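Asker:
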Amino acid sequence: MTAHIPAVHPVVAEVTRALVERSAASRAAYLDKIRSAADPARPARTALGCANLAHGFAACGVSDKLALAGDVTPNLAIVSSYNDMLSAHQPLESYPAIIKAAVGAAGGVAQFAGGVPAMCDGVTQGRAGMELSLFSRDVIAMATAVALSHDMFDGALMLGVCDKIVPGLLIGSLAFGHLPVAFVPAGPMPSGLPNKDKARVRQRFAEGKADRRELLQAESAAYHSPGTCTFYGTANSNQMLMEVMGLHLPGASFEQPGTEMREALTAEVGRRVLANTVLGETPVPLGEQVDERAIVNAVVALLATGGSTNHTLHLVAIARAAGIELTWDDFAALSEVVPLLTRMYPNGAADVNAFHEAGGMAYLIGSLLDAGLLHEDVRTVMGRGLSAYRQVPELNDGVLSWVDGPKESGDTSVLRGADDPFAPDGGLRMLHGNLGRAVIKVSAVDPSRHVVEAPARVFADQAELQAAFTAGELTGDFVAVVRFQGPRANGMPELHKLTPPLAVLQDRGQKVALVTDGRMSGASGKVPAAIHVSPEAEAGGPLAYVRDGDLVRLDARAGTLEVLADLAGREPAEPSVDSSTGTGRELFGALRAAVGPAEAGAGVFGH
Numbered sequence: 005m006t007a008h009i010p011a012v013h014p015v016v017a018e019v020t021r022a023l024v025e026r027s028a029a030s031r032a033a034y035l036d037k038i039r040s041a042a043d044p045a046r047p048a049r050t051a052l053g054c055a056n057l058a059h060g061f062a063a064c065g066v067s068d069k070l071a072l073a074g075d076v077t078p079n080l081a082i083v084s085s086y087n088d089m090l091s092a093h094q095p096l097e098s099y100p101a102i103i104k105a106a107v108g109a110a111g112g113v114a115q116f117a118g119g120v121p122a123m124c125d126g127v128t129q130g131r132a133g134m135e136l137s138l139f140s141r142d143v144i145a146m147a148t149a150v151a152l153s154h155d156m157f158d159g160a161l162m163l164g165v166c167d168k169i170v171p172g173l174l175i176g177s178l179a180f181g182h183l184p185v186a187f188v189p190a191g192p193m194p195s196g197l198p199n200k201d202k203a204r205v206r207q208r209f210a211e212g213k214a215d216r217r218e219l220l221q222a223e224s225a226a227y228h229s230p231g232t233c234t235f236y237g238t239a240n241s242n243q244m245l246m247e248v249m250g251l252h253l254p255g256a257s258f259e260q261p262g263t264e265m266r267e268a269l270t271a272e273v274g275r276r277v278l279a280n281t282v283l284g285e286t287p288v289p290l291g292e293q294v295d296e297r298a299i300v301n302a303v304v305a306l307l308a309t310g311g312s313t314n315h316t317l318h319l320v321a322i323a324r325a326a327g328i329e330l331t332w333d334d335f336a337a338l339s340e341v342v343p344l345l346t347r348m349y350p351n352g353a354a355d356v357n358a359f360h361e362a363g364g365m366a367y368l369i370g371s372l373l374d375a376g377l378l379h380e381d382v383r384t385v386m387g388r389g390l391s392a393y394r395q396v397p398e399l400n401d402g403v404l405s406w407v408d409g410p411k412e413s414g415d416t417s418v419l420r421g422a423d424d425p426f427a428p429d430g431g432l433r434m435l436h437g438n439l440g441r442a443v444i445k446v447s448a449v450d451p452s453r454h455v456v457e458a459p460a461r462v463f464a465d466q467a468e469l470q471a472a473f474t475a476g477e478l479t480g481d482f483v484a485v486v487r488f489q490g491p492r493a494n495g496m497p498e499l500h501k502l503t504p505p506l507a508v509l510q511d512r513g514q515k516v517a518l519v520t521d522g523r524m525s526g527a528s529g530k531v532p533a534a535i536h537v538s539p540e541a542e543a544g545g546p547l548a549y550v551r552d553g554d555l556v557r558l559d560a561r562a563g564t565l566e567v568l569a570d571l572a573g574r575e576p577a578e579p580s581v582d583s584s585t586g587t588g589r590e591l592f593g594a595l596r597a598a599v600g601p602a603e604a605g606a607g608v609f610g611h
């Protein structure tokens with residue numbers, strides 16, 4: 005904890021300075037709002053009328069009623085995404101009881117304030133339900149606000165894990181940024197069938213060389229028990245980000261569910277938030293904690309780990325909820341100087357359990373701090389300073405403490421220090437050109453495929469591309485343009501069903517690439533893919549004017565995305581499918597009409 009912290013890297017310092025300057029007005033307005041909501045002397049519920057307060061604690065036991073009737077007992081909200089269909093969220097079922105017991109023993113009260121929806125992108129891949137996925141983030145944010153809206157609480161605990169759930173919980177919590185908030189993870193399932201073996205069976209199935217029974221056996225061997233899926237997609241990127249932003253306890257992200265350590269950490273986080281309330285020892289309001297330095301730290305850690313491209317949307321939306329104007333250019337500038345320190349699937353063969361065993365977050369954060377790539381002087385749920393996250397939890401006779409983390413990686417094929425990286429940059433590039441702006445993740449793409457120039461094959465959705473593949477029509481080199489997949493068109497679904505057929509064609513020796521205004525998320529793999537193209541086709545973006553045969557050039561080295569054809573005088577294409585009905589999609593029409601562009605976070609708030 006007394007280690008020398010070097011000066012912050014000049015590019016990190018410059019990006020942070022520019023972010024502070026750009027955000028000055030919006031950040032000041034946000035801080036004024038949350039500070040005006042706080043009473044530094046007493047709980048908000050003391051201003052409630054007697055009938056209001058009686059409703060608020062009517063279901064409590066006698067002792068909790070007596071405590072909440074006064075003005076010296078902190079009350080914590082528990083907001084959970086528990087459901088038992090999602091493996092990642094199933095362990096959360098028992099957490100409220102653990103938290104309530106720990107908080108009660110420490111002199112506080114905890115109430116289950118509300119549940120939020122949690123859908124699984126793994127279940128909805130390629131299905132109509134996926135069109136609700138990205139919008140579920142904003143629904144979760146609103147549901148979080150409903151849970152916290154009663155003026156009953158002095159702090160909050162957010163129980164969530166996967167894709168849109170954690171960003172939604174954080175966006176909603178930031179509306180109550182005068183409260184201290186911590187996130188409570190569930191941890192990954194034990195390692196099952198290696199991800200590389202699973203991907204091999206998927207590709208064989210796409211080629212017709214494996215049947216449905218073999219594919220289902222492989223998928224079930226990979227996803228086999230309670231806990232988060234073990235590949236390094238959006239769910240596990242969420243956990244990493246919450247820890248590097250100081251919203252988890254140190255070392256909490258990747259402890260597996262059902263263990264003594266997992267239960268001890270769940271109890272301790274309740275006690276920690278209790279201490280962070282205005283009635284506690286060290287008040288830590290969430291909105292003050294999530295500042296420009298914390299946001300930059302999040303981007304740096306995302307790049308250093310080759311994390312999910314979904315966070316080029318989510319982190320922008322989270323930052324905006326705190327009055328901070330993060331841009332894709334900030335990602336690009338940081339990516340040039342942040343080295344890649346991990347190899348986790350799809351950027352390698354290992355999973356998050358192997359990362360955790362090799363030294364995990366403590367080693368990663370320590371190495372980035374030593375390289376000057378993270379801001380150390382930030383607020384966390386542990387107090388001031390990110391150096392606390394160099395430590396790892398330890399249990400001795402049931403007593404939880406933190407000790408110094410590893411000084412060296414336990415497996416340099418999975419985790420390395422900043423002085424010996426896998427790659428000198430973060431592998432996330434921004435593309436721009438006459439097709440708009442886009443994101444490409446190249447950390448899993450062979451350098452020989454970083455530039456693809458080929459005729460366009462235009463598709464209205466991923467089903468059309470799959471049908472063309474099955475029919476043997478995708479011959480020669482081509483750039484697949486899959487359009488009308490943006491947030492305004494159909495909610496910006498993930499397009500993972502495209503990965504196996506495109507990978508098959510690439511392995512056959514064809515030069516292929518993907519250009520889309522949809523998403524590919526954290527499991528983006530070895531096929532070069534320009535995603536999140538903005539402006540989207542539905543908003544009149546250039547993708548709407550591209551035709552079969554137009555020469556398209558994707559150049560990840562130069563950072564360009566262009567169609568080498570004259571689009572002047574063409575009429576824009578129209579969506580071929582009405583996405584307004586089916587599987588609840590009709591209920592989200594208002595959100596599609598209100599949503600902002602991908603560059604602004606693809607959300608319905610404040611764009």
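In our numbering, each residue carries its 1-based index in the sequence shown increased by 4. Don't be surprised by glycine CBs; every beta carbon is placed ideally from N, CA and C. In this text, all values refer to a predicted model and were calculated from it rather than measured experimentally.
(1) Quick one: using the 10 Å Cβ neighbour count with 16 as the cut-off for buried, is residue 95 buried or exposed?
(2) Report the rounded CA-to-CA distance for residue 405 versus residue 215, giving the unit in angstroms.
(3) Short of 6 Å in beta carbon distance, which residues of its chain neighbour residue 673, apart from the five on each side in sequence? Order them along the chain.
(4) When the Cα of residue 114 is compared with those of 64, 41, 90, which residue comes out closest?
(5) Beta-carbon within less than 7 Å of residue 104's beta-carbon, same chain only, minus the 5 sequence neighbours each way: which residues are those?
(6) Looking at the unbroken alpha helix (DSSP H) that takes in residue 100, where does it start and where does it end?
(7) Pick out whichever of 269, 257, 45 has its Cα sitting closest to the Cα of residue 158.
(8) When the Cα of residue 539 is compared with those of 508, 491, 516, 368, which residue comes out closest?
(9) Over what stretch of residues does the beta strand (DSSP E) that includes residue 188 continue unbroken?
(10) Could you tell me which uninterrupted beta strand (DSSP E) segments, each at least 3 residues in length, are contained entirely in the region 416–481, listed from first to last along the chain?
(11) Please say whether residue 138 and residue 496 have beta carbons closer to each other than 8 Å?
(12) In chain order, which continuous runs of the alpha helix (DSSP H) of length 4 or greater are located wholly inside the region 228–316?
(13) Out of 289, 212, 29, 90, point me to the one whose CA is closest to residue 167's CA.
(14) Short check: CB of residue 414 to CB of residue 480, under 8 Å?
(15) Would you report the Cα separation of residue 82 and residue 118, rounded to the nearest angstrom?
(16) Inspect the beta-carbon positions of residue 462 and residue 433 and report whether they are closer than 8 Å.
(17) What's the C-alpha gap between residue 283 and residue 297?
(18) What residue range is occupied by the uninterrupted beta strand (DSSP E) comprising residue 115?
(19) Report yes if the CB atom of residue 188 is closer than 8 Å to the CB atom of residue 273, and no otherwise.
(20) Using alpha carbons as the reference points, say which of 471, 485, 128 lies closest to residue 555.
(21) Do you know how far the Cα of residue 329 is from the Cα of residue 378?
(22) Would you say residue 435 and residue 534 are within 8 Å of each other, going by their C-beta atoms?
(23) From the DSSP output, read off the bridge partner residues of residue 612.
(24) Pull up the distance between the alpha-carbon of residue 426 and that of residue 147, whole angstroms please.
(25) How many Å lie between residue 3 and residue 347 at the Cα?
(26) Given residue 226, which residues of its chain have a CB within under 6 Å of its CB, disregarding the five upstream and five downstream residues?
(27) With distances taken between CB atoms, is the gap from residue 419 to residue 345 smaller than 8 Å?
(28) Mind checking who residue 535 pairs with in its DSSP beta bridge?
(29) Over what stretch of residues does the alpha helix (DSSP H) that includes residue 334 continue unbroken?
(30) Just list the residues that DSSP pairs residue 181 with in beta bridges.
(31) For residue 4, count neighbouring C-beta atoms within 10 Å of its own C-beta (all shown protein chains included) and say buried if the count is 16 or more, exposed if not.
(32) Can you tell me whether residue 87 is helix, strand or coil according to DSSP?
(33) For the region 379–389 against the region 323–337, are there 3 or more C-beta pairs whose distance is under 8 Å?
(34) Expressed to the nearest angstrom, what Euclidean distance is found between the alpha-carbon atoms of residue 343 and residue 311?
(35) If we ignore side chains and look at the alpha-carbon of each, how far apart do residue 526 and residue 76 end up?
(36) Spatial neighbours of residue 73 within its chain, please: C-beta separation below 8 Å, excluding the five flanking residues on both sides.
Answerer: According to the data block:
(1) Position 91 of the sequence shown, counting from 1, holds the residue named residue 95. Residue 95 should be labelled buried.
(2) Here residue 405 refers to the residue found at position 401 when the sequence shown is read from its first residue. Here residue 215 refers to the residue found at position 211 when the sequence shown is read from its first residue. So the two alpha carbons sit approximately 50 Å from each other.
(3) Residue 673 cannot be examined here, being either before or after the span of the chain that is shown, 5 to 611.
(4) As a working note, residue 114 is residue 110 in the sequence shown. Answer by Cα proximity: 64.
(5) For this step, residue 104 is matched to residue 100 along the sequence shown. Take residue 104, set aside five residues on each side of it, and the residues of its chain with a beta-carbon closer than 7 Å to its own are 114, in chain order.
(6) On the sequence shown, residue 100 is found 96 positions in, with the first residue counted as 1. Taken as a continuous stretch (DSSP letters only), the alpha helix (DSSP H) holding residue 100 covers 99–109.
(7) By 1-based counting over the sequence shown, the position of residue 158 is 154. The option with the nearest alpha carbon to residue 158 is 45.
(8) Numbered from 1 along the sequence shown, position 535 holds the residue referred to as residue 539. When 508, 491, 516, 368 are compared, the shortest CA-CA separation from residue 539 is found for 491.
(9) The residue given as residue 188 occupies position 184 in the sequence shown. It spans 185–188 - the beta strand (DSSP E) in which residue 188 sits, taken as one unbroken run.
(10) With a minimum length of 3 residues, the continuous beta strand (DSSP E) runs that stay inside the region 416–481 are 432–437, 440–445, 455–463.
(11) As a working note, residue 496 is residue 492 in the sequence shown. As a working note, residue 138 is residue 134 in the sequence shown. Using a Cβ distance threshold of 8 Å, residue 496 and residue 138 count as a contacting pair.
(12) Whole alpha helix (DSSP H) segments, 4+ residues: 238–248, 264–279, 290–293, 296–308.
(13) The residue given as residue 167 occupies position 163 in the sequence shown. Considering only alpha carbons, the answer is 90.
(14) Position 410 of the sequence shown, counted from the start, is the residue given in the question as residue 414. Position 476 of the sequence shown, counted from the start, is the residue given in the question as residue 480. Not a contact, by the Cβ cut-off of 8 Å.
(15) As a working mapping, residue 82 is identified with position 78 in the sequence shown. As a working mapping, residue 118 is identified with position 114 in the sequence shown. So the alpha carbons of these two residues sit roughly 7 Å apart.
(16) Numbered from its first residue, the sequence shown carries residue 462 at position 458. Numbered from its first residue, the sequence shown carries residue 433 at position 429. Cβ atoms of residue 462 and residue 433: not closer than 8 Å.
(17) The residue you call residue 283 lines up with position 279 of the sequence shown. The residue you call residue 297 lines up with position 293 of the sequence shown. Taking the straight line from one Cα to the other gives about 27 Å.
(18) Taking the first residue of the sequence shown as position 1, residue 115 is located at position 111. It spans 113–119 - the beta strand (DSSP E) in which residue 115 sits, taken as one unbroken run.
(19) The residue given as residue 188 occupies position 184 in the sequence shown. The residue given as residue 273 occupies position 269 in the sequence shown. It is a contact, given that the beta carbons lie within the stated cut-off.
(20) Mapped onto the sequence shown, residue 555 falls at position 551. For the residues 471, 485, 128, the minimum Cα distance to residue 555 belongs to 485.
(21) By 1-based counting over the sequence shown, the position of residue 378 is 374. By 1-based counting over the sequence shown, the position of residue 329 is 325. In this structure, the CA atom of residue 378 is about 19 Å from the CA atom of residue 329.
(22) Walking along the sequence shown from the start, residue 435 turns up at place 431. Walking along the sequence shown from the start, residue 534 turns up at place 530. Cβ atoms of residue 435 and residue 534: closer than 8 Å.
(23) For residue 612 there is no data in the structure shown, the boundaries of the chain being 5 and 611.
(24) Along the sequence shown, one-based indexing puts residue 426 at 422. Along the sequence shown, one-based indexing puts residue 147 at 143. Counting only the Cα atoms, residue 147 lies some 41 Å from residue 426.
(25) Summary: the structure shown does not reach residue 3, with the chain confined to residues 5 through 611, and so no result is reported for it.
(26) As a first step, residue 226 must be located in the sequence shown, where it is residue number 222. Excluding residues within five positions, the ones whose Cβ falls inside 6 Å are 196, 197, 202.
(27) On the sequence shown, residue 419 is found 415 positions in, with the first residue counted as 1. On the sequence shown, residue 345 is found 341 positions in, with the first residue counted as 1. For residue 419 and residue 345, yes; Cβs fall inside 8 Å.
(28) As a first step, residue 535 is located in the sequence shown; it is residue number 531 there, counting from the start. Here residue 535 is bridged, per DSSP, to 443.
(29) Your numbering for residue 334 matches position 330 in the sequence shown. 332–339 is the span of the alpha helix (DSSP H), which, as asked, contains residue 334.
(30) Within the sequence shown, residue 181 is the residue found at index 177, counting from 1. According to DSSP, residue 181 bridges with nothing at all.
(31) Limits of the chain in this structure are 5 at one end and 611 at the other, which puts residue 4 out of reach.
(32) As a working mapping, residue 87 is identified with position 83 in the sequence shown. Correct three-state label for residue 87: coil.
(33) Pairwise C-beta distances place the region 379–389 out of contact with the region 323–337, as fewer than three of them are shorter than 8 Å.
(34) Sequence index remark: in the sequence shown, residue 343 carries index 339 (1-based). Sequence index remark: in the sequence shown, residue 311 carries index 307 (1-based). Near 13 Å, if we compare the C-alpha coordinates of residue 311 and residue 343.
(35) Locating residue 526 in the sequence shown gives position 522, counting from the first residue. Locating residue 76 in the sequence shown gives position 72, counting from the first residue. Any reading at residue 526 must be qualified, since the residue scores a pLDDT of 49, below 50, and its modelled position is unreliable; the value itself is stated next. Rounded to the nearest angstrom, the two C-alpha atoms are 45 Å apart.
(36) Taking the first residue of the sequence shown as position 1, residue 73 is located at position 69. Here the set comprises 57, 61.
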